[in-house]
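Written as structure tokens, this is what we have:
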């Protein structure tokens with residue numbers, strides 16, 4: 400038996416399959432690492448080190464994972480108030496959209512509130528403006544119901 404092959408066989412016995420594949424890949428790439436010393440090993444590791452992305456990708460799986468001050472908000476159908484414009488929704492449809500958004504818990508109340516501010520136009524927007532910027536979502540929904548809801552619910 401060839402002494403060189405015997406030496407290789409003895410050296411590779413302790414290696415696991417992935418390590419053998421790594422060595423084969425280095426050979427295919429024509430890389431002959433000098434790993435006789437710790438410095439040589441460090442040079443090899445540094446050559447293949449992946450530099451971190453300075454701006455990591457932020458994947459949101461749930462709106463509550465959003466950081467404060469997020470500008471994401473739901474797209475809510477436009478509601479004008481009592482004077483319904485062509486192509487816009489009535490109060491009951493608008494109310495249904497808000498209730499469904501809250502129930503789904505995809506958006507926070509603050510994000511829904513931002514969506515409502517963008518969706519209200521005309522007399523409904525004037526009403527919201529008079530309530531001020533610090534009004535809570537529950538208070539807005541209660542007052543919208545009192546103004547635009549059905550007479551039975553008033």
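Numbering (our numbering), first residue to last: 400 to 553. Just so you know, even glycine gets a beta-carbon here, dropped at the ideal spot from N, CA and C.
Here the C-alpha atom of residue 427 lies approximately 16 Å from the C-alpha atom of residue 446. The continuous alpha helix (DSSP H) containing residue 522 extends over residues 521-530.
Closest by C-alpha distance to residue 489, out of 425, 541 and 547, is 547. For residue 506, the three-state secondary structure derived from DSSP is coil.
Around residue 492, the same chain offers no residue with a beta carbon nearer than 6 Å, after the five sequence neighbours per side are excluded. In the three-state reduction of the DSSP assignment, residue 478 falls in the strand class, which pools E and B. Residue environment: residue 480 is assigned as buried (16 or more neighbouring CB atoms within 10 Å of its CB, all protein chains considered).
Excluding the 5 residues flanking it on each side, residue 520 has same chain C-beta neighbours closer than 6 Å at 477 and 479, in chain order.
For residue 544, the uninterrupted alpha helix (DSSP H) segment begins and ends at 536-547. Of the candidates 474, 533, 487 and 483, the residue whose Cα lies closest to the Cα of residue 505 is 474. In the assembly as shown, residue 538 is an exposed residue. Its beta-carbon has fewer than 16 other beta-carbons within 10 Å.
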